[in-house]
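In the numbering used here, the protein residues as written are 24 to 466.
Pasting the structure below:
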């Protein structure tokens, strides 16, 4: 199995303030017309999931919830944490990412978080007992543990739905259905991996809480995410922006224009961020606070780009951005602004905005990086490990004399080795015939 990641090499602080409303005017007839065309275009591109697909996802999540509850009861009983002693052996499932934001599409995965009590540990209970129960459960396939990841996960498929399951071990003895995991006090004395796992759910919850109109935000973000993928500027690992960063930028525009139509939000998105001073002006949805629970909170450190998560402990979601990827993002934002203005003049369409980038036609010099392994499982682990470090290659190349910037292509190319044709095995190769040594000449 071989994957290729291609690069093209071309020669040659303010603290956060509360977001102010720029305009609260309602949408104009032209805004509503543009929004209608934008939504129709996204429907034509099949960006919305069908009712059947949504129901299948709900069934898969319900099955996962039943499995983790049975797991918590089984392990709790084995360890003596029973109901007659006042313990409610339970674990809960939460979703985050695109699915929780409401902007997922057909075939998209679901990011999930399992929250358990203090007696269900990650190393033995989650990655051993729960893993075995998932492997034995009907309808569950392709179960794989990734304990060495920055946020350790179990990847799996339930009813054909791709899921990533992380785990947070809270310092409480009971996980009730009324437990509020967004309470900052629950972060006390947690291990770093649990804090990171909780971060995904808490960030998404904060974004949805801070936007003035959830439907406008979701429609706008769906278009922005489609644009970022088609223009190849969505990949946190390779130094571009991840889905959460694009969501934060979209939410900020929604805060500035709380009554605007989605098409207007998209236009203002490109207008504001194409001229933004990324180095000295961090993007925040609310003031950054430190409640002093012992976790590092973001402070300005002169990063290339700073898009700050709204929940405690706040972090910079764009710390991977490099000089090269920042210039590419700025160029794509400027292009998006020009096309949106042309759309308003009815000179272009939404299809022009998301026209796929001609990466291999724009450059001359390329660098190929290939990864291979002896098996599929080993290959996935090797790819995950290596891709997280490719941004350092970009940064090192940027420092080389004569290189102006490096454009990483965020998508891999799979080239599986061809399988041997059916039939009898080929005969073994003949033994090598080593050349005879030349006779020694007399002196």
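No residue lacks a Cβ here, since even glycine has one placed at the ideal position from N, Cα and C.
Check: Simplified DSSP assignment, three categories, for residue 143; Outcome: coil
Check: Three-state secondary structure (DSSP) of residue 309; Outcome: coil
Check: Residue interval of the beta strand (DSSP E) (run including residue 192); Outcome: 184-192
Check: Three-state class that DSSP yields for residue 394 in the structure shown; Outcome: strand
Check: Cα-Cα separation between residue 347 and residue 171, rounded to whole angstroms; Outcome: 29 Å
Check: Helix, strand or coil at residue 174 [DSSP, three-state]; Outcome: coil
Check: Every unbroken alpha helix (DSSP H) inside the stretch 243-331 [4 residues or more]; Outcome: 266-279, 285-296
Check: Reference residue 243, options 202, 89, 176, 282, closest by Cα; Outcome: 282
Check: Touching by the beta-carbon criterion (3+ pairs, under 8 Å), the stretch 226-246 and the stretch 266-281; Outcome: yes
Check: Span of the beta strand (DSSP E) around residue 118; Outcome: 115-119
Check: Per-residue DSSP class, three states only, for residue 127; Outcome: coil
Check: Same chain only: Cβ atoms within 6 Å of residue 194, ignoring 5 sequence neighbours per side; Outcome: 141, 212
Check: Of the residues 100, 368, 190, 221, the one placed nearest residue 22, counting alpha carbons only; Outcome: With the chain represented from 24 up to 466, any question about residue 22 goes unanswered, as that position is not in the structure.
Check: Rounded straight-line distance, which links the Cα of residue 386 to that of residue 349; Outcome: 18 Å
Check: Assumed close pair residue 329, residue 310 - CB separation to whole angstroms, cut-off 8 Å; Outcome: Actually they are not in contact, since the Cβ atoms of residue 329 and residue 310 sit about 14 Å apart, beyond 8 Å.
Check: Of the residues 209, 290, 410, the one placed nearest residue 362, counting alpha carbons only; Outcome: 290
Check: CB contact check: residue 224 to chain D, cutoff 8 Å; Outcome: Absent here is chain D; the protein component of the structure consists of one chain.
Check: Complete beta strand (DSSP E) runs within the stretch 377-428 (minimum length 3 residues, chain order); Outcome: 389-395
Check: Backbone CA spacing between residue 68 and residue 254 [nearest angstrom]; Outcome: 16 Å
Check: Exposed unless 16 or more other CB atoms sit within 10 angstroms - verdict on residue 43; Outcome: exposed
Check: Strand pairing of residue 136, partner residues [DSSP]; Outcome: 117, 189
Check: Beta-carbon proximity list for residue 428, same chain, < 8 Å, skipping 5 on both sides; Outcome: 33, 346, 347, 350, 351, 421
Check: Candidates 382, 412, 378: closest to residue 392 by CA position; Outcome: 412
Check: Buried versus exposed, by CB contacts within 10 Å (16 or more), residue 415; Outcome: exposed
Check: Three-way DSSP call (helix, strand, coil) for residue 431 in this model; Outcome: strand
Check: Proximal residues to residue 48 (C-beta, below 7 Å), its chain only, five neighbours per side dropped; Outcome: 282
Check: Residue 42 - DSSP class collapsed to helix/strand/coil; Outcome: coil
Check: Within 8 Å, strictly: CB atoms of residue 98 and residue 148; Outcome: yes
Check: Extent of the continuous alpha helix (DSSP H) to which residue 83 belongs; Outcome: 74-101
Check: Cβ-Cβ separation, residue 191 to residue 138 (assumed contact under 8 Å), whole Å; Outcome: 5 Å
Check: Straight-line Cα distance separating residue 152 from residue 18; Outcome: The structure shown has nothing for residue 18, since the chain only spans 24 to 466.
Check: Start-to-end residues for the alpha helix (DSSP H) that takes in residue 62; Outcome: 52-67
Check: Residues of its chain near residue 94, where Cβ-Cβ distance is below 7 Å and the 5 sequence neighbours each way are ignored; Outcome: 114, 152, 153, 156
Check: Under the three-state DSSP convention, the category residue 437 falls into; Outcome: strand
Check: Proximal residues to residue 118 (C-beta, below 8 Å), its chain only, five neighbours per side dropped; Outcome: 84, 133, 134, 135, 136, 224
Check: Separation of residue 70 from residue 127, as counted between CA atoms; Outcome: 8 Å
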